[in-house]
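A.B. asks:
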Amino acid sequence: MLNIVLAKNLLEANNKQLAAVIDQFADEWAYLKDPIKARFECGYIAPVFNDALRAAGISGAMQISIPAFMLPELYGSRVNATHYSHVATLLNNTIYDWTARQYSPQCPFPLVYKLRDLPKEAQRYIDDRRV
Numbered sequence: 000m001l002n003i004v005l006a007k008n009l010l011e012a013n014n015k016q017l018a019a020v021i022d023q024f025a026d027e028w029a030y031l032k033d034p035i036k037a038r039f040e041c042g043y044i045a046p047v048f049n050d051a052l053r054a055a056g057i058s059g060a061m062q063i064s065i066p067a068f069m070l071p072e073l074y075g076s077r078v079n080a081t082h083y084s085h086v087a088t089l090l091n092n093t094i095y096d097w098t099a100r101q102y103s104p105q106c107p108f109p110l111v112y113k114l115r116d117l118p119k120e121a122q123r124y125i126d127d128r129r130v
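Per numbering that gives the first Met the number 0, residue 0 is the first one in the sequence shown, and the count goes up by one each step.
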């Protein structure tokens, strides 16, 4: 089972600057809390979040595309799951997903989880595509 935590809990003992960027971004993009409004926004919002991180002097963020079939417990099982990917941000082995509520309406906003908590197949897929 995916170990999901709230961003504030994950960052409390970590980087206050990163926590501030996340708080500000969550306020600016609060409409993404609505599962219907979050639909199909992942490819747009991940690079916008990456830009916000860079503007704050935080480097190392990258946009990742996760095939849905690798994470059925999070992104659901769909007829077209083998052809569908979901986009999020990877920073320091932590994934930030601003549109996950389109799949799991009760999940935290943003959804934040560690790369190591993904199934091994998904971890390898992402690691193979790191720049």
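Virtual Cβ for every residue (Gly too), placed ideally from N, Cα, C.
Here's the rule: buried if 16 or more other CB atoms are within 10 angstroms of the residue's CB, otherwise exposed. What is Arg100?
C.D. replies: Stepping through the sequence shown from its first residue, residue 100 is reached at position 101. That one is buried.
A.B. asks: Among Pro66, Tyr43, Asp96, which has the Cα closest to the Cα of Tyr112?
C.D. replies: The residue labelled residue 112 in the question sits at position 113 within the sequence shown. When only C-alpha atoms are compared, the closest one is Asp96.
A.B. asks: Give the DSSP bridge partners of Val151, in chain order.
C.D. replies: Outside the modelled stretch of the chain, which goes from 0 to 130, sits residue 151, for which no answer is possible.
A.B. asks: So what's Pro109 in DSSP terms, helix, strand or just coil?
C.D. replies: Position 110 of the sequence shown, counting from 1, holds the residue named residue 109. Correct three-state label for Pro109: coil.
A.B. asks: Count the C-beta pairs between the stretch 121–129 and the stretch 55–70 that are closer than 8 Å, then say yes if the count reaches three, no if not.
C.D. replies: Touching, yes.
A.B. asks: Measure from the alpha carbon of Phe142 to the alpha carbon of each residue in Leu110, Ile125, Ser103, Thr98, then state which is nearest.
C.D. replies: The requested residue 142 does not occur in the structure, where the chain is confined to residues 0 to 130.
A.B. asks: Roughly how many angstroms separate the alpha carbons of Phe24 and Ser103, rounded to a whole number?
C.D. replies: To locate residue 24, count along the sequence shown from 1; it is residue 25. To locate residue 103, count along the sequence shown from 1; it is residue 104. Those two C-alpha atoms are separated by around 20 Å.
A.B. asks: Report the CB separation of Ala45 from Ala19 in whole angstroms; it is logged as a contact under 8 Å.
C.D. replies: Numbered from its first residue, the sequence shown carries residue 45 at position 46. Numbered from its first residue, the sequence shown carries residue 19 at position 20. Contact doesn't hold; Cβ gap of about 19 Å is too wide.
A.B. asks: Near Val78, what residues of its chain come up, given a Cβ to Cβ distance below 6 Å and the 5 sequence neighbours on each side ignored?
C.D. replies: The residue given as residue 78 occupies position 79 in the sequence shown. Confidence in Val78 is poor, its pLDDT being 49 and thus under 50, which makes the residue's placement too unreliable to answer from.
A.B. asks: Decide if Ala37 is buried, meaning its Cβ has at least 16 other Cβ atoms within 10 Å, or exposed.
C.D. replies: If you number the sequence shown from 1, residue 37 lands on position 38. Flag for Ala37 reads buried.
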